[in-house]
Structures are given as structure tokens and as C-alpha cells.
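Using the numbering used here, read the sequence shown as starting at 1 and increasing by one per residue. Ideal Cβ positions, reconstructed from N, Cα and C, are used throughout, including at glycine. Only a predicted model underlies this, so the values are computations on that prediction, with no experimental measurement involved.
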Amino acid sequence: MTTKAQPLTPPQVAEFLRQVALTRDQEADCGTCLQHIGEFAEKKLTGTELDAALLSIEHHLSLCPECTEEYEALKKILEAHQ
Ligand SMILES: [Zn+2]
């Protein structure tokens with residue numbers, strides 16, 4: 001009797017997709033991003049080291065044009081007030 005790799009059963013596929021979705025949830029979404037974006041912009045502007053939460057914001061910004069737009073606008077305001 002040979003052991004062959006079995007294709008994933010539908011419940012296994014569902015579980016796999018659930019895990020992928022969970023992993024995604026741990027990354028910053030737009031709501032989280034906008035909550036921290038003020039702090040993020042300030043730290044970027046002052047050259048302060050980013051903590052893990054703010055690094056996930058930076059990662060989100062690299063993927064999300066809407067939040068990047070917010071960030072750019074905020075950055076201009078902060079720079080104008082320096
Ligand atoms: Zn976003």
C-alpha cells in the first residue's frame with residue numbers, strides 16, 4: 001500500500017481560508033490605521049523609532065492608497081505647523 005498525498009477535503013480548505021482571514025485581521029485595517037495615523041505622522045516627522053503597532057500602520061499605508069492620501073494630507077498640516 002502506497003501513501004499518496006490526499007487532496008484537501010472541503011472542510012480542510014474552509015479551515016485554511018479561515019486561518020488566512022484571521023492572519024489578515026491581525027494586520028492593521030483602515031480603521032486602525034486612521035486611529036494611529038496622527039501618532040505615526042508625528043513620529044515619522046520627528047524621526048522617532050516606530051513601535052510594532054506603528055510599523056503595521058506603515059505596512060498598511062504601503063498597501064492602501066486611501067490611507068496614504070489621509071497620511072499625506074496630515075503630513076502637510078503637521079509640516080505647516082512646525
Ligand atoms: Zn487603509
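Which of helix, strand or coil DSSP assigns to residue i
i     : result
LEU8  : coil
LEU54 : helix
GLU15 : helix
Whole-angstrom C-beta distance between residue j and residue i, which should lie under 8 Å
i     : j     : result
GLU84 : LEU50 : Outside the displayed span of the chain (1 to 82) sits residue 84, for which this structure offers no information.
GLU72 : LEU45 : Not confirmed; about 12 Å, so no contact.
Start and end residues, alpha helix (DSSP H) containing residue i
i     : result
CYS30 : 30 to 46
GLU72 : 65 to 80
For residue i, the nearest candidate out of the options (CA to CA)
i     : options                   : result
GLU70 : GLY31, THR48, PRO11       : GLY31
ALA53 : CYS33, PRO65, SER62       : CYS33
SER56 : THR9, GLU15, HIS36        : HIS36
ALA28 : LYS75, PRO7, LEU74, LEU63 : LEU63
Residues with C-beta closer than 7 Å to any heavy atom of ligand 3, in chain order: Ligands present in the displayed structure are limited to ligand 1, and ligand 3 is not among them.
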